[in-house]
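Chemist: Going by full-length UniProt numbering, the first residue of the sequence shown is number 1, and it counts up by one from there.
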Amino acid sequence: MSWRYGFFWGARKQDVSFPASVIQQPEIVEPPKPQITSTDNNKKIKNEPIEKTLPSNKLSTVYDVNGNPKEYTNSRYYANYLSILRQQHHQMLSTLLNKADNAKIFLAKSKKKNGLPYIGRDGYVNPEIETVKDYSLLRKLFKDVENLGFAYYFTRNDSYVEKSVYRIKEWFINPKTKMNPNLNYASFIKGHKSGRRTGVLDMHPIYRMLQSIPLMRSSHKWDFSVEKELKDWISKYYQWLETTSLGKDEKYSKNNHGTYYDVQAVYLLSYLDREEEARKYSREALINRVNKGILPTGQQPHETKRPTSWFYSTFNLQALFLLAERSQYFGFDGWNYVGPKGQTIKKAVDYLLPFALSNGKDWPFKNIKEFEVNSFVRLLELAFVIWPDDKYLEALVILRPKAKLEQALEYRNADWEDNYLCVWSLMTNRQLWTCVE
Numbered sequence: 001m002s003w004r005y006g007f008f009w010g011a012r013k014q015d016v017s018f019p020a021s022v023i024q025q026p027e028i029v030e031p032p033k034p035q036i037t038s039t040d041n042n043k044k045i046k047n048e049p050i051e052k053t054l055p056s057n058k059l060s061t062v063y064d065v066n067g068n069p070k071e072y073t074n075s076r077y078y079a080n081y082l083s084i085l086r087q088q089h090h091q092m093l094s095t096l097l098n099k100a101d102n103a104k105i106f107l108a109k110s111k112k113k114n115g116l117p118y119i120g121r122d123g124y125v126n127p128e129i130e131t132v133k134d135y136s137l138l139r140k141l142f143k144d145v146e147n148l149g150f151a152y153y154f155t156r157n158d159s160y161v162e163k164s165v166y167r168i169k170e171w172f173i174n175p176k177t178k179m180n181p182n183l184n185y186a187s188f189i190k191g192h193k194s195g196r197r198t199g200v201l202d203m204h205p206i207y208r209m210l211q212s213i214p215l216m217r218s219s220h221k222w223d224f225s226v227e228k229e230l231k232d233w234i235s236k237y238y239q240w241l242e243t244t245s246l247g248k249d250e251k252y253s254k255n256n257h258g259t260y261y262d263v264q265a266v267y268l269l270s271y272l273d274r275e276e277e278a279r280k281y282s283r284e285a286l287i288n289r290v291n292k293g294i295l296p297t298g299q300q301p302h303e304t305k306r307p308t309s310w311f312y313s314t315f316n317l318q319a320l321f322l323l324a325e326r327s328q329y330f331g332f333d334g335w336n337y338v339g340p341k342g343q344t345i346k347k348a349v350d351y352l353l354p355f356a357l358s359n360g361k362d363w364p365f366k367n368i369k370e371f372e373v374n375s376f377v378r379l380l381e382l383a384f385v386i387w388p389d390d391k392y393l394e395a396l397v398i399l400r401p402k403a404k405l406e407q408a409l410e411y412r413n414a415d416w417e418d419n420y421l422c423v424w425s426l427m428t429n430r431q432l433w434t435c436v437e
């Protein structure tokens with residue numbers, strides 16, 4: 001019962017800052033502060049990146065909080081790689097029994113020993129969120145099975161499949177340890193008897209596990225009887241999503257909660273071999289989310305009204321990318337769908353771009369946290385693959401060093417690796433692999 005979302009607490013917000021000793025390391029990559037004179041997305045970006053490289057000229061270095069060096073592919077070199085890759089493959093492109101957790105943004109208000117009543121404070125995380133581990137353990141499961149599937153796919157080492165089967169049995173089949181196929185107690189608030197509809201968001205990374213399972217079926221260690229029981233669990237869970245008030249309320253949420261519900265539903269239907277339903281759902285969901293969640297300017301109004309408006313604008317955009325990829329997989333070009341007022345996913349990317357480059361300068365909405373760019377940089381890479389616009393590459397060269405610095409300083413819980421698999425996957429009309437969270 002990990003407290004998934006909690007905006008309500010009495011503790012002082014921790015000050016997150018980069019240690020001066022780390023920032024001043026002689027070889028650290030500190031991105032320039034671009035002098036943005038216009039937010040016209042059609043104008044070229046003239047800023048040149050400041051990025052110190054190793055002698056090979058293909059690697060750059062940043063330092064983590066302990067002063068340890070972290071190497072990564074130089075951004076200019078990486079941008080050239082993306083450009084050449086896309087040109088070469090243009091044709092390819094066109095073708096505990098109840099999972100429970102604490103409410104993340106609901107915090108103790110009173111001085112009573114039990115802290116009741118807990119109240120909501122949007123943008124602030126409940127410091128007790130990790131007192132119940134279900135949320136973090138569930139996310140770890142999805143990522144573990146995903147990584148094990150990819151490891152087997154590339155190495156053909158059956159031990160990865162054995163471990164994956166064990167993990168699936170542990171969470172979904174073993175009567176003593178399995179999770180019940182519902183989220184009745186997810187995102188609950190202390191003092192309440194059940195969870196909330198927002199807890200449905202906890203399950204959205206299940207697509208990571210589901211997209212990896214087919215990669216393991218060729219192994220003689222894959223247990224089809226286990227998968228049969230898993231499908232039975234998934235079927236019951238999807239029925240819970242469709243029929244309960246918690247599930248239905250989340251489905252009709254207008255913001256990122258609703259978008260990620262749709263992502264979850266499409267992957268569940270597809271895994272259950274309900275392909276025609278998945279095809280129909282992906283198309284209708286994509287159209288609905290673009291029409292109702294994006295303005296003609298590209299602003300995402302349901303996200304910008306949050307006090308952490310930058311994070312949620314990027315977070316919802318990730319979900320839109322996942323929906324667009326699934327709709328394309330099923331034959332509908334969601335990437336280039338245009339809403340009745342000219343809304344597009346590309347406009348949503350372009351709306352955020354100048355603010356990412358200027359570290360949030362003139363961002364017209366409340367934003368109580370930093371303008372982190374790591375997740376947005378990942379989307380920029382994909383944006384260039386989808387819409388070959390040079391401004392994305394130019395921005396990538398500027399922003400990528402900052403993203404790597406955020407990773408190195410553990411400012412975000414992000415994988416260090418670059419998105420090579422993700423880009424290749426998108427070009428071959430497969431799933432997005434590990435592109436977005």
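Every residue, glycine too, gets a C-beta built ideally from N, C-alpha and C.
1. Measuring straight from C-alpha to C-alpha, what distance separates residue 273 and residue 303?
2. Short of 7 Å in beta carbon distance, which residues of its chain neighbour residue 256, apart from the five on each side in sequence? Order them along the chain.
3. Using only the alpha-carbon positions, how far apart do residue 185 and residue 177 sit?
4. Given residue 181, which residues of its chain have a CB within under 7 Å of its CB, disregarding the five upstream and five downstream residues?
5. Does residue 331 pass the burial test, meaning 16 or more other C-beta atoms within 10 Å, or should it be called exposed?
6. Hey, quick one: how far does the beta strand (DSSP E) through residue 60 stretch, first residue to last?
7. With DSSP as the reference, please indicate the residues paired to residue 296 in a beta bridge.
8. Tell whether a beta-carbon distance below 7 Å holds between residue 209 and residue 146.
9. In angstroms with no decimal places, state the Cα-to-Cα distance between residue 206 and residue 340.
10. For residue 387 and residue 350, what's the separation of their Cα atoms in angstroms?
11. How is residue 72 classed by DSSP in three states: helix, strand or coil?
12. If distances are taken between C-alpha atoms only, which option among 75, 294, 144 and 385 comes closest to residue 342?
13. Would you say the beta carbon of residue 329 comes nearer than 6 Å to a heavy atom of the ligand PLP?
14. Which of the three DSSP states is assigned to residue 147 in this structure?
15. What's the gap between the Cα of residue 392 and the Cα of residue 248?
16. Looking at the strands, I want to know which residues DSSP matches up with residue 308.
17. Out of curiosity, what's the CA-to-CA distance linking residue 291 and residue 281?
18. Measuring alpha carbon to alpha carbon, tell me which residue in 322, 380, 347 and 363 is nearest residue 309.
19. Taking just the CA atoms, how far does residue 296 sit from residue 370?
20. Beta-carbon within less than 6 Å of residue 160's beta-carbon, same chain only, minus the 5 sequence neighbours each way: which residues are those?
21. Return the first residue and the last residue of the alpha helix (DSSP H) that residue 207 is part of.
22. Please look up how many angstroms separate the CB atoms of residue 168 and residue 230, rounded, as I've assumed it's under 8 Å.
23. Give me, in chain order, the residues of the same chain whose beta-carbon lies closer than 7 Å to that of residue 203; leave out the 5 immediate sequence neighbours on both sides.
24. Considering just the uninterrupted stretch of the alpha helix (DSSP H) at residue 397, what are its terminal residues?
25. Count the other C-beta atoms from every protein chain shown that fall within 10 angstroms of the C-beta of residue 438, then say buried if there are 16 or more, exposed otherwise.
26. Taking the alpha-carbon of residue 79 as reference, which of 377, 405, 408 and 172 has the nearest alpha-carbon?
27. Could you have a look at residue 179 and say whether DSSP puts it in helix, strand or coil?
28. Quick one: give me the first and last residue of the alpha helix (DSSP H) that residue 164 is part of.
29. Along the chain, which unbroken stretches of the alpha helix (DSSP H) at least 4 residues long are found entirely within the segment 327-381?
30. Looking at C-alpha atoms only, which residue of 144, 166, 142 and 215 is the closest neighbour of residue 154?
31. Pull up the CB-CB distance for residue 374 and residue 406, whole angstroms please, since I reckon it's below 8 Å.
32. Determine the extent of the alpha helix (DSSP H) in which residue 256 is found, giving its start and end residues.
33. Please report the distance separating the alpha-carbon of residue 404 from that of residue 285.
34. If contacts are defined as beta-carbon pairs under 8 Å, then residue 70 and residue 278 qualify, I think. What distance do you get, rounded to the angstrom?
Modeler: Walking through what the data contain:
1. Distance between the alpha carbons of residue 273 and residue 303: 33 Å.
2. Closer than 7 Å at the Cβ level, and outside the excluded window around residue 256, lie 303, 312, 315, 316 and 319.
3. The straight-line gap from Cα to Cα measures roughly 16 Å.
4. Result list for residue 181: 233, 236, 237 and 240, in chain order.
5. With a 10 Å radius around the Cβ and a threshold of 16 neighbouring Cβ atoms, residue 331 comes out exposed.
6. It spans 59-63 - the beta strand (DSSP E) in which residue 60 sits, taken as one unbroken run.
7. Bridge partners of residue 296: none, in fact.
8. In contact: residue 209 and residue 146 (Cβ atoms closer than 7 Å).
9. Cα atoms of residue 206 and residue 340: separation of roughly 32 Å, rounded to the nearest angstrom.
10. Here the alpha carbons of residue 350 and residue 387 stand approximately 11 Å from one another.
11. Note: residue 72 maps to strand in three-state DSSP.
12. It is 294.
13. Of ligands this structure carries none, so the ligand PLP is not represented either.
14. In the displayed model, residue 147 falls within a helix according to three-state DSSP.
15. Taking the straight line joining both Cα atoms gives about 37 Å.
16. Beta-bridge pairing links residue 308 to 367.
17. Rounded to whole angstroms, residue 291 to residue 281 spans 15 Å at the Cα level.
18. Ranking the options by Cα distance to residue 309, first place goes to 363.
19. Looking at the two C-alpha atoms, the distance is approximately 26 Å.
20. Excluding its 5 nearest sequence neighbours in each direction, residue 160 has C-beta neighbours in its own chain below 6 Å: 148, 151 and 152, listed in chain order.
21. Boundaries of the alpha helix (DSSP H) harbouring residue 207: 206-212, taken from the DSSP string.
22. The pair is a contact, with the Cβ atoms about 6 Å apart (cut-off 8 Å).
23. Closer than 7 Å at the Cβ level, and outside the excluded window around residue 203, lie 183 and 264.
24. Taken as a continuous stretch (DSSP letters only), the alpha helix (DSSP H) holding residue 397 covers 390-408.
25. Shown here, the chain extends from 1 to 437; a query on residue 438 therefore has no answer.
26. Ranked by Cα distance from residue 79, the options 377, 405, 408 and 172 are led by 377.
27. Residue 179 falls in the coil class under three-state DSSP.
28. Here the alpha helix (DSSP H) through residue 164 covers 158-172.
29. Runs of the alpha helix (DSSP H) spanning 4 or more residues and lying entirely within the segment 327-381 occur at 345-357, in chain order.
30. The shortest C-alpha separation from residue 154 is found at 215.
31. Correct: roughly 5 Å between the Cβ atoms.
32. Residue 256 -> alpha helix (DSSP H) spans 256-271.
33. Spanning the two alpha carbons is a distance of roughly 33 Å.
34. In this structure, residue 70 and residue 278 do not form a Cβ contact; the two beta carbons are roughly 39 Å apart against a cut-off of 8 Å.
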